[in-house]
Amino acid sequence: MSAGRLAFDAFALVAVVFAGLMVAGKDPIKSVLALVVSFFALAATYVMVLSPFIAGLQVIVYAGAILVLFLFVIMLLNVGREKPDGSRRPIQTVLGSLSVVVFATLLLGMLRGSGARLPPQAEAVGPEQLPDPAAIARLLFSDYLLHFEAVSVLLLAALVGAFVLARREEAP
Amino acid sequence: MIGTIPLSDVLLASGALFSIGIAGALLRRNAIQIFLSIELMMNAANLALLGYGAALGTHQGQIIVFFVIAIAAAEASVGLAIFVALFRHTETIDVNKINLLKW
Amino acid sequence: MTTPPLWLIPAIPLVGFAVNALLGTRLGKSFVSAVGVGAAGLTTIVAYARLIPFASGSHAPVVEPLASWIAVANLSIDISFRLDSLSALMLFFVTFVAFLIHVYAIGYMHHEATDAGYARFFAYLNLFLFAMLTLVLGESFLLMFVGWEGVGLCSYLLVGYYFDRAYAAAAGRKAFVVNRIGDYGFLLGMFGIFAAFGSLNYSEVFRKAAEHPAQYAPALSIICLCLFVGAMGKSAQVPLYVWLPDAMAGPTPVSALIHAATMVTAGVYMVSRCNVLFRLAPEVMLFVACIGCFTALFAGTIAIAQNDLKKVLAYSTISQLGYMFLACGVGAFPVGMFHVMTHACFKACLFLGAGSVMHAMADDLDIRHMGGLKAKMPITFWTFLAATLAISGIPPFAGFFSKDAILSSAFESPELGKLLWFVGLFTAGLTAFYMYRIVSMTFFGQFRGTKEQAHHVHEAPASMTFPLIVLGILSVVVGFLGLPAVFGEHANVIEPFLAPVFPPIAGHEGAHEALPHATEWLLMAVSVAVAASGLTLAYQWYARQGGRTPARIAASMPGAYALVADKFRIDELYDFLFVRPYAWLAHVLWRVVDVLIIDGILNAAAFLVELAGDFLRFLQTGNVRNYALTFFLGLIALLLFVVGAP
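Residue numbers (the numbering used here), protein chains in the order written: chain A, 1 to 172; chain B, 1 to 103; chain C, 1 to 646.
In structure tokens form, the structure reads like this:
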């Protein structure tokens, strides 16, 4: 087991553990914080997978902006703990758990089967160039320019939409 | 292989995260927590994409994840806006209680 | 001058129909009369323009194709018209009598109908003429069938002319339905002919049958029987005669044209046309003769107890048609056709006379209300008398020669000949009796109607008396075309004229030794005597004694009299045997099959869909988590499918 692999496994384990804590937590604030930690660990794993640029984005945008937004909303609305609900019909819980288990098993099976096999590659980029942000930027502004612009328009739309949805209704 | 990391490790991690996220999305009643679980699922997918991109020796994985993060940002803002508007009306965050479309 | 084509003859009344149907209501009665009568007259002229050269020429059959109609696989039907002796004979009196009746109808229908009704009447009359001429002139069975159905349709339309009267509408329907039963037989016969001969053209079928009789004879029994069923329906023989007396509900010109002179003779024409086929099926011929003879007797017995003037004439028509089939059945087809022709003249005359009386009596046809009309309606009386003497078989009137020819042909027939002759003779006496009965009760004695009717009685206008006179004269003279051999070797004009239509068949030459002259004279004398005694008896009882003796006889056997007067309750029997079960079946099919089963299935399907919906809507819990779970389950299913597939 090499050092790199060990590091990766460690970070991945941290991410998974804190993700579990997030899902199991009753207090929303605690959940968000657990997820933040998980995302940081994930960012580390991204680095291990030769994507430091993305790791940076993960920290800045995901952990630093999106989850902070979540925190804001929780505190704004004063969302409390989840109260236990006397649910008459447990079908959702039962079926949900069951299906998750089945799904996990399926994924495992797929992984064991052929998941990690790769098709032969024609032009593979070497591990030295993969992490290079300049290469990514070049690609973004040439081959993927349309996608780039489209996403920016999407962000604009989301901005407007969020604004409209969340404002208070004016009294007539 | 990505350096010294076998792809199967990456995929295992990604799968585990995804399953946890699904469990959270299905089994929690708090709308915020469901949303968080969905974000977790997206991150699991990001990890898988990056793993494959690195193993295949292409930049495309990173490009896709770049866009995914941007879109996730947009989606999160809009989703939270909806959530805020909903909460103003119903004073509850329990998804079970929001069932106006019931038969 | 070029000869007019044959297709023009049916085409002219068709055009008349179209014009009157489309424009008649708007253009008034004079226009309609002009078009209707004009069409009938014009087609008569054109027909005679072809007939006269034909008759004075070689009598060779002429076939004029018009167009190809069906050309499919091995079935090829053309629209062609045939002029030979048989169709020439039919054409001769059909056109002329139809023309006279069209003229008569002007006066008869004038104040009967509105402009719209008047136009409708003449349009239908022209349409009928078109169909009848197609029937007569067609060169194939299919074309004859077209005309056959067409005359049936026009009969329905015209019998039910007063469609607002329930009785008339029902009579029209009855005529059509009973005819349809007969037509079914005709259709089966046509199918058989096509199956056996591979063609429906007269020339081909008859040629093949004549050349290879042994090959076709077995099938022909069934075929001819089926064809005769059709003839039974159209020509009102037992058991399919019940529509004809009811059909008197139509206007009198209709009764005269369709149910006396033309349509009902179509059956006889058809049998004569197919004589080659019938002669190869002797059992069927015997059947035809027996049915004809029985019908003649049966209808005659009913006629003596009827009190409605037109009903008596209707039963008389059925009876005379029986005579025609009797002649055909014993193999004397030319004699049967001769009787068709004479019958057309005197029966039309009788019906038109009845119409004149009906007019005078303000639509009352009960002969018990009449009497003594001779003084006020002389033309009607004399023409009616002439036609009565003709139908009774008194020489030298027309009916005598034709009826006598039928009776002698029956007499010399080898199978059942004497029996058929005797029944025919007795029926002739009956005929004379009931005909003179109505003459006496209508025209002689005291008037038995109401005061208003007495005031109303008047002779018919010229448009009605002119055809009466012409037909009355014809009733006298037309018989001279068929003088029997005793009057001289070449006295008979009809039989040689018609001979080409009845070719000899190899191996089936009937041994036709003519009766010795002495027997012929004897038979003639006997039939005259029987007819005369019938007339005298009727005269005595009704004109002289005012009906006391028959009344006493009727009173002494009330049950039998009621049965006869009630036409042997055959209609009631049919109603019980056929109509009611059929109505019951229709009711069951409606209530059970249609409403219960078919509608039930549809309703059940709708109900099931509703039920499914009622269950499925519980999936809509409104709860987003449930929906997410459903998505996920679907995803798992998809994964299983993808993974499980290899």
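Don't be surprised by glycine CBs; every beta carbon is placed ideally from N, CA and C.
(message) Can you tell me whether A67(C) is helix, strand or coil according to DSSP?
(response) strand
(request) Assuming H59(C) contacts F497(C) (C-beta within less than 8 angstroms), just tell me the rounded distance between them. (result) 7 angstroms
(message) Would L101(B) pass as an interface residue toward chain D - the criterion being a Cβ-Cβ separation below 9 angstroms?
(response) Of the protein chains in this structure, namely A, B and C, none is chain D.
(request) Have a look at D84(C), I379(C), L125(C) and flag the residue whose alpha-carbon is nearest the alpha-carbon of P503(C). (result) Checking every option, the nearest Cα to that of P503(C) belongs to D84(C).
(request) Can you pull the chain A residues whose beta carbon is under 7 angstroms from the beta carbon of I22(B), in chain order? (result) V100, F103
(request) Verify whether the separation of the beta carbon atoms of V47(A) and A54(B) is less than 9 angstroms. (result) no
(request) Pick out whichever of I5(B), N43(B), L101(B), D9(B) has its Cα sitting closest to the Cα of R112(A). (result) Among I5(B), N43(B), L101(B), D9(B), the Cα nearest to that of R112(A) is on D9(B).
(message) According to DSSP, is I473(C) part of a helix, a strand, or is it coil?
(response) Residue state, collapsed to three classes: helix.
(message) Please confirm whether A81(B) has its beta-carbon closer than 9 angstroms to some beta-carbon of chain C.
(response) Not closer than 9 angstroms to any Cβ of chain C, the Cβ of A81(B) fails to qualify, so no.
(request) Flag L639(C) as yes if its beta-carbon sits less than 9 angstroms from any beta-carbon of chain B, otherwise no. (result) No Cβ of chain B is located within less than 9 angstroms of the beta carbon of L639(C).
(request) Could you spell out the range, first to last residue, of the beta strand (DSSP E) harbouring D78(C)? (result) 75-83
(request) Taking I570(C) as the reference, give the member of I302(C), A34(C), L86(C), L129(C) with the closest Cα. (result) I302(C)
(request) Below 8 angstroms CB to CB, which residues in the same chain sit around H369(C) once its five sequence neighbours on both sides are set aside? (result) M361, R448, G449, T450, Q453
(message) Is the beta carbon of T43(C) closer than 9 angstroms to that of L133(C)?
(response) Closer than 9 angstroms, so yes.
(request) Scan the segment 612-638 of chain C for residues whose Cβ lies nearer than 9 angstroms to a Cβ of chain B and list them as they occur along the chain. (result) For the segment 612-638 of chain C, residues whose beta-carbon sits nearer than 9 angstroms to a beta-carbon of chain B comprise R617, F618, L619, Q620, T621, G622, N623, V624, R625, A628, L629, F632.
(message) Between I5(B) and chain C, is the shortest Cβ-Cβ distance under 9 angstroms, so that the two count as touching?
(response) no
(message) By the DSSP assignment, the alpha helix (DSSP H) with M324(C) in it spans what residues?
(response) 309-329
(message) In whole angstroms, give me the CA-to-CA distance for V146(C) and V178(C).
(response) 17 angstroms
(message) Between A16(B) and chain C, is any beta-carbon pair separated by less than 9 angstroms?
(response) Interface flag for A16(B) against chain C is unset, since no Cβ pair is found closer than 9 angstroms.
(request) Determine, using beta carbons only, whether G336(C) and V271(C) come nearer to each other than 9 angstroms. (result) yes
(request) Report the residue from V276(C), P550(C), D404(C) whose alpha carbon sits nearest the alpha carbon of A499(C). (result) V276(C)
(message) For R88(B), tell me which candidate among K26(A), F72(A), L76(A) has the shortest Cα-Cα distance.
(response) By alpha-carbon distance to R88(B), the top candidate from K26(A), F72(A), L76(A) is L76(A).
(message) For D246(C), count the other beta carbons within 10 Å of its own beta carbon; 16 or more makes it buried, fewer makes it exposed. Which is it?
(response) Counting C-beta atoms within 10 angstroms of its own C-beta, D246(C) has 16 or more neighbours from the protein chains shown and is therefore classed as buried.
(request) Determine the DSSP secondary structure at I394(C), reduced to helix, strand or coil. (result) coil
(request) Keeping to the same chain, check which residues put their C-beta closer than 7 angstroms to that of H458(C); ignore five residues upstream and five downstream. (result) A360, K376
(message) Would you say V592(C) lies against chain A (beta-carbon separation less than 9 angstroms)?
(response) no
(message) Determine, for Q92(A), whether the minimum Cβ-Cβ distance to residues of chain C falls below 9 angstroms.
(response) yes
(request) With a cut-off of 8 angstroms on the beta carbons, I'd call M248(C) and K311(C) a contact; round off their distance for me. (result) So it is a contact: roughly 6 angstroms between Cβ atoms.
(request) Starting from G113(A), follow the alpha helix (DSSP H) in both directions and report where the run begins and ends. (result) Unbroken run through G113(A): none, as it is neither H nor E.
(message) Taking the straight line between their C-alpha atoms, what separation do you get for D363(C) and C224(C)?
(response) D363(C) and C224(C): Cα-Cα distance of roughly 43 angstroms.
(request) May I ask you to list, following chain order, the residues of the segment 23-47 of chain B that have a beta carbon less than 7 angstroms from some beta carbon of chain C? (result) A25, L26
(message) For a test of the three-state rule: what should DSSP assign to N78(A), helix, strand or coil?
(response) coil
(message) Here's the rule: buried if 16 or more other CB atoms are within 10 angstroms of the residue's CB, otherwise exposed. What is P119(A)?
(response) By the 10 Å Cβ count, P119(A) comes out exposed.
(request) Assuming A119(C) and G24(C) form a contact by the criterion Cβ under 8 angstroms, report the distance between their Cβ atoms to the nearest whole angstrom. (result) 3 angstroms
(request) Identify whether N30(B) lies in helix, strand or coil by the three-state DSSP scheme. (result) strand
(request) Please compile the residues from chain C whose C-beta is within a distance smaller than 9 angstroms of the C-beta of V95(B). (result) N623, V624, R625
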